[in-house]
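Written out below as structure tokens is the structure these notes cover.
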Amino acid sequence: MLLLIFALIVNVWLLRCAVDYFLKLYRQNLENAFKNMPSPLKLFRVIKGLLKFAKEKGVSQGELCSYLYEEVASEVKCKKTTIEKWFAIANKINKL
């Protein structure tokens, strides 16, 4: 009987260790996913600049939005959406 109780305690302890390990991995994955994201203020400034440029050049907001979606969709899947990517998009649009 004592051996059965000991085995139960060991199993519960091992289960708790496994759950803690997977929670730690999950937290690290979340931290890595959000580490490369631009701050909302920087992103707002880039988008504001893009919209100002589009207005000056006669590009409609719909055309700009679809262009951004096409350019960024593949990058979002790769988790490379950084502020540098947004500036690269702005530079591409400026060359049009």
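Per our numbering, the very first residue in the sequence shown carries number 1; after that it's consecutive.
Even for Gly, the Cβ is constructed at its ideal location relative to N, Cα and C.
- Message: Can you tell me whether S66 is helix, strand or coil according to DSSP?
- Response: Taking the sequence shown and counting its residues from 1, the one referred to as residue 66 is at position 66. Per DSSP, reduced to three states, the secondary structure at S66 is helical.
- Could you have a look at G58 and say whether DSSP puts it in helix, strand or coil? By one-based count along the sequence shown, residue 58 stands at place 58. Looking at G58 - three-state DSSP - the assignment turns out to be coil, as it is neither helix nor strand.
- Hey, how far is the Cα of K24 from the Cα of V59? Position 24 of the sequence shown holds residue 24. Position 59 of the sequence shown holds residue 59. Linking K24 to V59 through their CA atoms gives a straight-line distance of about 47 angstroms.
- Applying the criterion that 16 or more other CB atoms from any shown protein chain within 10 Å of the CB defines a buried residue, is L50 buried or exposed? Here residue 50 refers to the residue found at position 50 when the sequence shown is read from its first residue. The C-beta of L50 has 16 or more other C-beta atoms within 10 Å across all chains shown, which makes the residue buried.
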